[in-house]
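Written below as structure tokens is the structure these notes are about.
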Amino acid sequence: MPPGYVKYGNATSFFSFAKQKLKSVQGSFQTPTEPSKPHAQYFSSDSNNRQQFIGYSISHDELLRTIRKKKHDEFFHRTDQLLLHTRLLTTKNEYIPLNKDTKERRKYEQGIVSWTENSVASQCASCSKTFGISKRKHHCRLDGRVICSQCSRLLPFSVAQDLIDPTVSPLSSTANTVMLQRLVNLTSLIPSAMIQDASNEDNLRICIRCEFILQKYHNQIRYKHIPVDQIFSLYEKIIQAEKQYKSIQSKYTTIIESLLNGNTQYQLVDAQRIYRELSIHYDKIDSVSKSISKLAEGDSTTPVSNRYAALCRNIRTYSIQMMQNFSISIRRLPTEDDLRRIREEKKRSEDERMVECAAKILGMKDNLIEIPPELEPFVQQYYRVTQFLEEARLAGHLDEVQALEKNLKELEKAIRMVQLN
Numbered sequence: 006m007p008p009g010y011v012k013y014g015n016a017t018s019f020f021s022f023a024k025q026k027l028k029s030v031q032g033s034f035q036t037p038t039e040p041s042k043p044h045a046q047y048f049s050s051d052s053n054n055r056q057q058f059i060g061y062s063i064s065h066d067e068l069l070r071t072i073r074k075k076k077h078d079e080f081f082h083r084t085d086q087l088l089l090h091t092r093l094l095t096t097k098n099e100y101i102p103l104n105k106d107t108k109e110r111r112k113y114e115q116g117i118v119s120w121t122e123n124s125v126a127s128q129c130a131s132c133s134k135t136f137g138i139s140k141r142k143h144h145c146r147l148d149g150r151v152i153c154s155q156c157s158r159l160l161p162f163s164v165a166q167d168l169i170d171p172t173v174s175p176l177s178s179t180a181n182t183v184m185l186q187r188l189v190n191l192t193s194l195i196p197s198a199m200i201q202d203a204s205n206e207d208n209l210r211i212c213i214r215c216e217f218i219l220q221k222y223h224n225q226i227r228y229k230h231i232p233v234d235q236i237f238s239l240y241e242k243i244i245q246a247e248k249q250y251k252s253i254q255s256k257y258t259t260i261i262e263s264l265l266n267g268n269t270q271y272q273l274v275d276a277q278r279i280y281r282e283l284s285i286h287y288d289k290i291d292s293v294s295k296s297i298s299k300l301a302e303g304d305s306t307t308p309v310s311n312r313y314a315a316l317c318r319n320i321r322t323y324s325i326q327m328m329q330n331f332s333i334s335i336r337r338l339p340t341e342d343d344l345r346r347i348r349e350e351k352k353r354s355e356d357e358r359m360v361e362c363a364a365k366i367l368g369m370k371d372n373l374i375e376i377p378p379e380l381e382p383f384v385q386q387y388y389r390v391t392q393f394l395e396e397a398r399l400a401g402h403l404d405e406v407q408a409l410e411k412n413l414k415e416l417e418k419a420i421r422m423v424q425l426n
């Protein structure tokens with residue numbers, strides 16, 4: 006029998022063994038915190054050896070960032086170069102020859118972009134097909150490579166102007182819907198407008214690679230120059246006010262809890278100042294949402310206007326619910342009388358606990374009224390340490406608990422020495 010061979014009595018035992026092996030492998034992936042072992046994974050047919058070890062692992066994040074940054078820099082440099090060439094080649098003035106002046110125009114284009122010599126180009130730079138009688142040579146005006154007619158595109162000057170500067174394009178519209186439709190359709194306009202007709206004098210011949218780069222650049226700036234509708238700017242104000250309200254509310258809650266606990270870290274004027282800021286953001290949400298709801302009072306005869314009106318009403322409803330939640334969660338400002346009463350109650354409670362603590366450590370009765378003046382500093386310090394000790398125990402800080410317990414023992418010894426003297 007060959008080594009490593011395992012004999013199975015029947016099919017049931019074989020599948021049972023396979024199921025156990027799968028469970029052991031799954032278990033190794035369910036414990037990602039297991040430290041890596043300095044050896045590779047292995048499988049064994051021995052029923053007593055079921056443990057599967059995780060092999061080496063290495064992070065490639067830094068390598069990925071380096072390669073990604075390099076590729077991005079190259080792409081951005083290439084895009085800027087193509088946009089510059091496009092601007093120079095599509096500009097029209099009396100000093101630049103038109104497309105109908107073939108020789109002068111070609112000389113002008115070669116002065117901007119260096120063309121590859123026809124004699125050294127035997128294949129298309131895009132499809133790698135050999136040039137012949139049926140496959141003519143053409144030059145890409147943006148990078149100068151030699152390509153065939155099937156791998157070339159004709160970029161209209163008007164579309165090129167949209168890519169270079171969408172804000173001043175003669176085909177752009179001032180209406181939001183028209184401009185949005187114009188920019189969205191530009192993705193399909195570039196390939197469809199690049200027809201294979203070299204007689205069109207308003208076209209610029211480019212290759213597929215340059216077309217891809219310009220198309221990707223267009224996808225990045227598609228919605229950049231679209232005028233923002235009023236409802237978007239108003240809604241952004243609501244979201245901004247909501248974020249500012251929530252960021253301030255946590256601080257306000259902290260101040261109120263500190264005041265109600267009788268602490269002197271904050272004053273009532275601090276809470277009043279934060280409350281005024283909350284009121285400003287609250288009123289801003291209310292007023293801006295009302296302005297949005299008024300936008301729904303226009304014409305609602307078309308489906309688009311109906312959806313627009315419904316959107317305005319939904320934003321107002323959302324704002325009302327938000328303000329209701331703010332009103333419920335906010336705590337009212339305490340008055341000076343409330344704070345004075347809370348502080349007096351806290352002082353009386355601390356005095357009672359301090360008296361109980363003094364009676365305990367001094368071995369006196371619980372009806373102790375006054376603490377001896379020479380022991381009062383020690384009792385106060387002992388009481389504070391006991392409070393710190395309770396907080397450390399609740400927080401689970403064992404090192405602090407041990408140190409504070411040691412301090413209590415030292416204070417007890419000091420108090421006994423003062424009593425003996």
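Numbering-wise (my numbering), the sequence shown opens with residue 6 and increments by one. Ideal placement from N, C-alpha and C gives every residue a C-beta, glycine not left out. Only a predicted model underlies this, so the values are computations on that prediction, with no experimental measurement involved.
Whole-number beta carbon distance between residue j and residue i, since they are thought to touch under 8 Å
i: residue 216; j: residue 141; result: Between residue 141 and residue 216 the Cβ distance is about 19 Å, and since that is not below 8 Å, they are no contact.
i: residue 131; j: residue 214; result: 7 Å
i: residue 153; j: residue 211; result: Actually they do not touch by this definition, with Cβ atoms about 13 Å apart.
i: residue 336; j: residue 258; result: 7 Å
i: residue 347; j: residue 300; result: No, residue 347 and residue 300 are not in contact; Cβ-Cβ is about 48 Å, not under 8 Å.
C-beta contact flag for residue i and residue j at 7 Å
i: residue 398; j: residue 406; result: yes
i: residue 290; j: residue 320; result: no
i: residue 209; j: residue 88; result: no
i: residue 147; j: residue 90; result: yes
i: residue 271; j: residue 338; result: no
i: residue 121; j: residue 151; result: yes
i: residue 387; j: residue 416; result: yes
i: residue 286; j: residue 249; result: yes
i: residue 420; j: residue 393; result: no
i: residue 84; j: residue 218; result: yes
i: residue 423; j: residue 381; result: no
Among the options, the one whose alpha carbon lies nearest that of residue i
i: residue 111; options: 98, 143, 274 and 125; result: 143
i: residue 223; options: 169, 233, 264 and 323; result: 169
i: residue 155; options: 165, 128 and 301; result: 128
i: residue 117; options: 149, 138 and 136; result: 149
i: residue 385; options: 408, 360, 402 and 394; result: 360
i: residue 251; options: 412, 276 and 283; result: 283
i: residue 166; options: 67, 357, 326 and 92; result: 92
i: residue 292; options: 62, 358, 349 and 328; result: 328
i: residue 221; options: 269, 422, 99 and 80; result: 80
i: residue 256; options: 312, 277 and 75; result: 277
i: residue 114; options: 125, 65 and 96; result: 96
i: residue 355; options: 331, 268 and 274; result: 268
i: residue 313; options: 73, 302 and 109; result: 302
i: residue 234; options: 308, 69, 317 and 103; result: 317
i: residue 413; options: 395, 70, 124 and 138; result: 395
Any non-hydrogen atom of the ligand MG within 6 Å of residue i CB
i: residue 423; result: With respect to the ligand MG, the structure offers nothing, as it holds no ligand at all.
Does the contact criterion of 3 or more C-beta pairs under 8 Å hold for the region 152-167 versus the region 239-253?
Touching, no, given that fewer than three Cβ pairs across the two stretches are closer than 8 Å.
Check whether the region 337-354 touches the region 259-266, counting contact only when three or more Cβ pairs, one atom from each stretch, lie closer than 8 Å.
A contact between stretches requires three or more CB pairs, one per stretch, nearer than 8 Å, and the region 337-354 meets this requirement with the region 259-266.
4 or more residues per run - each alpha helix (DSSP H) lying fully within the region 50-101:
Runs of the alpha helix (DSSP H) inside the region 50-101: 66-95.
Ordered list of beta strand (DSSP E) runs contained in the region 242-295, each at least 3 residues:
Here no run is fully enclosed.
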